[in-house]
Every structure is written in C-alpha cells, then in structure tokens.
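Colleague: Here it is, the structure in full.
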Amino acid sequence: MEKVRYEEMLPHEIVARRKKCPAAFIGLGGLEWHSEHMAVGNDALKAEKLCELAATRSGGFAFPTLWYGEPRVAHLMEVNHDGDGQIRKHMKFKKKKFSETYFGQTPEQQIEFYQQLLYHTLVQMNTLEMKAVCLLCGHYPLHGWAEVAVREFNKNFVDTQAFAGIEFHYPPKSRHVGGDHAGKWETSYLWYLRPDCVDMSVYLGREEDPLVGVMGIDPRKEASIEVGRKACDLIVNGMVRKAGDLIAQASK
590 MEKVRYEEML PHEIVARRKK CPAAFIGLGG LEWHSEHMAV GNDALKAEKL
640 CELAATRSGG FAFPTLWYGE PRVAHLMEVN HDGDGQIRKH MKFKKKKFSE
690 TYFGQTPEQQ IEFYQQLLYH TLVQMNTLEM KAVCLLCGHY PLHGWAEVAV
740 REFNKNFVDT QAFAGIEFHY PPKSRHVGGD HAGKWETSYL WYLRPDCVDM
790 SVYLGREEDP LVGVMGIDPR KEASIEVGRK ACDLIVNGMV RKAGDLIAQA
840 SK
C-alpha cells in the first residue's frame, strides 16, 4: 500500500516523493458536538481523510492533522449554540467549564495563540522543503484565523506558498459541494470518508424529533454516502489543483 503520511515514511521515501510533488496537505479541526449521529471529531476526521486522498492523487504528503490549540471559548457549539443546555445534558458537561474565566484567556488571546501556532507550522513546512501547503479547515471558523497566518507567511517566505480553505473553497462552485454543521453536507462527507463514525440509526423512531446542534438541511432526509462521494471527489481534485498552482508560484 502506498504511503502518504509523512510521519510514516523513511528518509529515502520522503526525498524521492518530494522530488515529484513537494506539497503538504494539513487538516485542521478539533473536538466539538456534531449532533447525536456523528463523531465529535468530525471536523478533523473529515479534513484528515480528504488530505490523505489529495496526497494520494497528487503524489504529495498528508501531514499530521492539527487537533488542538484552537479557541475553546469562541465559535464553538458547546459555548455559543447551547442556550438550552441540551448539548451539555447529552455530554454531561459542566457549564462553568466553557466560560472565558475558566480558561483564563480571552477569545482574542486564544485566537492569537492559534494563529501563532499555524504560522509556526507553516515555517516548519518550509524547513522540510515543501513548496506548497494546503490547509483544510474542517472547523469552518478556523478559516478566517488561518488566513491571517497564511498571508503573513506568504509575504515572508517566497520559496513556499500556502493556502487555507474550507472544503468548498477548493473546487469550482458547484451544487454538488456545500457546507453546514452536522446537516446534509457534513454528514454525507463523513459518511463517505469514515462510515464507522456516522450512525443514522440513533434516530430510528425519532424521524421527526428536533435535532440538537444541526445547522442546515436535516441529514435524516437528504444525507447519503453517494452525496459525500461525489462532493469529496470534487474537493480532492480542487486540492490537487491548488497544490499545483502553489508549487508553480513558489518556483518562480
């Protein structure tokens, strides 16, 4: 089986593969509620698998996914979208542990830390002689924060160029690719990429019950593996094209 994960390769395998395609694909995600039918690691799991598929198709590298370090008191379901406490009830969480005072850092401080972490990661890719770095933001709010780090990096390092995008930023605009939170799109993506991490049977006999933490089209009605397969193929093709463009820019 072809190796695509950088951390699993021997030195001579890295050098040989890098000569053909010096591109790094890195998934960004975290741990967050994605309703009852999806794994809490959806954002990172989705991004990780897409990066591996892009590395396979392009000949580049899938680097370890970044699971930690993102702000935990801003743009998080457990903090910003649990007014009725249903998520905490399901997870048996304590409300006080999802407040700014508990973490000891403001949202702005946490965002700044994450941007520094991403910048540090991009510089590391440059030291490893990658010409292109594609960051795939599985958790959508990460995109805006990642773009700040990418702009600064691209300005300072001309021999490596980076891009940060959500899955629907990579392919041309299409009705076959979309975004939501635990709705039709995210459910379909993960159902195709990691079927072991989706279980729609939790809703048997509850087909009309309100969903907790779903933003988008009801996945019980429109999500499918086929929807995910078609979308992911377009996304991966877009990631491969973007990597090629970045390599060309860095080689000028």
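Mapping of the sequence shown onto the numbering used here: position 177 corresponds to residue 766, and the numbering continues sequentially without gaps. Glycine included, every Cβ here is placed at the ideal spot set by N, Cα and C. The structure presented is a predicted model; accordingly, all values stated were derived computationally and were not measured.
Mind checking whether E658 and L706 have CB atoms under 8 Å apart?
Modeller: Counting from 1 along the sequence shown, the entry for residue 658 is found at position 69. Counting from 1 along the sequence shown, the entry for residue 706 is found at position 117. The question names Glu, but residue 658 in the sequence shown is Gly. Yes, the pair counts as a contact, with Cβ atoms nearer than the cut-off.
Colleague: Based on the DSSP output, what are the partners of C786 in its beta bridges?
Modeller: By one-based count along the sequence shown, residue 786 stands at place 197. Answer by DSSP bridge pairing: none, since C786 is not bridged.
Colleague: If you check the beta carbons only, do G754 and H728 fall under 8 Å apart?
Modeller: For this step, residue 754 is matched to residue 165 along the sequence shown. For this step, residue 728 is matched to residue 139 along the sequence shown. Going by C-beta atoms, G754 is not nearer than 8 Å to H728.
Colleague: Across which residues does DSSP place V722 in a beta bridge pair?
Modeller: Numbered from 1 along the sequence shown, position 133 holds the residue referred to as residue 722. A613, A751, per the DSSP bridge assignment.
Colleague: Roughly how far, in whole angstroms, is the beta-carbon of G619 from the beta-carbon of E637, given that I think they are within contact range, below 8 Å?
Modeller: Position 30 of the sequence shown, counted from the first residue, corresponds to residue 619. Position 48 of the sequence shown, counted from the first residue, corresponds to residue 637. Actually they are not in contact, since the Cβ atoms of G619 and E637 sit about 12 Å apart, beyond 8 Å.
Colleague: What three-state label does DSSP hand H758 in the structure shown?
Modeller: Here residue 758 refers to the residue found at position 169 of the sequence shown. DSSP places H758 in helix when its eight states are reduced to three.
Colleague: Hey, could you find the ends of the alpha helix (DSSP H) R740 is sitting in?
Modeller: Walking along the sequence shown from the start, residue 740 turns up at place 151. Looking at the DSSP string, the run of the alpha helix (DSSP H) that includes R740 is 731-745.
Colleague: Starting from F692, trace the alpha helix (DSSP H) in both directions and tell me its first and last residue.
Modeller: Counting from one through the sequence shown, the residue named residue 692 turns up at place 103. Taken as a continuous stretch (DSSP letters only), the alpha helix (DSSP H) holding F692 covers 689-692.
Colleague: Provide the residue span of the alpha helix (DSSP H) that contains D834, from first to last.
Modeller: Translated into the one-based positions of the sequence shown, residue 834 becomes position 245. Per DSSP, D834 belongs to the alpha helix (DSSP H) from 814-839.
Colleague: Determine the DSSP secondary structure at F702, reduced to helix, strand or coil.
Modeller: Position 113 of the sequence shown holds residue 702. Three-state DSSP puts F702 in a helix.
Colleague: Going by DSSP, what residue range makes up the alpha helix (DSSP H) through E641?
Modeller: Residue 641 sits at position 52 when you count from the first residue of the sequence shown. Where E641 is concerned, the enclosing alpha helix (DSSP H) stretches over 631-647.
Colleague: Quick check on this structure: which residue in C723, Y759, S813, H758 has the alpha carbon closest to the alpha carbon of N743?
Modeller: In the sequence shown, residue 743 corresponds to position 154, counting from 1. Minimum Cα distance to N743 is reached at C723.
Colleague: Measure the alpha-carbon distance for G805 versus P784 and round it to whole angstroms.
Modeller: For the purposes of this step, residue 805 is identified with residue 216 of the sequence shown, where counting begins at 1. For the purposes of this step, residue 784 is identified with residue 195 of the sequence shown, where counting begins at 1. Cα to Cα, the separation comes out at about 20 Å.
Colleague: With DSSP as the reference, label L655 as helix, strand or coil.
Modeller: Stepping through the sequence shown from its first residue, residue 655 is reached at position 66. L655: strand per DSSP, three-state reduction.
Colleague: Of the choices K773, K608, F687, whose alpha-carbon is the least far from that of G672?
Modeller: Along the sequence shown, one-based indexing puts residue 672 at 83. Taking only the C-alpha atoms, the option nearest G672 is F687.
Colleague: Flag this pair as touching only if the stretch 684-704 and the stretch 643-652 have three or more C-beta atom pairs under 8 Å; answer yes or no.
Modeller: Taking 8 Å as the limit for Cβ pairs, the verdict is that the stretch 643-652 does not touch the stretch 684-704.
Colleague: Residue range of the alpha helix (DSSP H) that K538 falls in?
Modeller: The question about residue 538 has no answer here: the residues shown for the chain are numbered 590 through 841.
Colleague: Can you find at least 3 beta carbon pairs, one from the stretch 792-801 and one from the stretch 619-635, that sit closer than 8 Å?
Modeller: The answer is yes - the stretch 619-635 touches the stretch 792-801, with three or more Cβ pairs under 8 Å.
Colleague: Relative to the C-alpha of D807, which candidate in Q838, G768, M680 has its C-alpha closest?
Modeller: Sequence index remark: in the sequence shown, residue 807 carries index 218 (1-based). The option with the nearest alpha carbon to D807 is G768.
Colleague: Per the DSSP calculation, F650 is bridged to which residue(s)?
Modeller: Counted from its first residue, the sequence shown places residue 650 at position 61. The partner list for F650 (beta bridge, DSSP) reads A613.
Colleague: If you run the structure through DSSP and keep just helix, strand and coil, what is R764?
Modeller: Mapped onto the sequence shown, residue 764 falls at position 175. Note: R764 maps to coil in three-state DSSP.
Colleague: Starting from V803, trace the alpha helix (DSSP H) both ways and give me its first and last residue.
Modeller: Stepping through the sequence shown from its first residue, residue 803 is reached at position 214. First-last for V803: undefined, no H or E at that position.
Colleague: Taking DSSP as the reference, what is the three-state secondary structure of R677?
Modeller: Position 88 of the sequence shown, counted from the start, is the residue given in the question as residue 677. Looking at R677 - three-state DSSP - the assignment turns out to be helix.
Colleague: Pull up the distance between the alpha-carbon of L665 and that of E811, whole angstroms please.
Modeller: As a first step, residue 665 is located in the sequence shown; it is residue number 76 there, counting from the start. As a first step, residue 811 is located in the sequence shown; it is residue number 222 there, counting from the start. Approximately 25 Å, taken between the alpha carbons.
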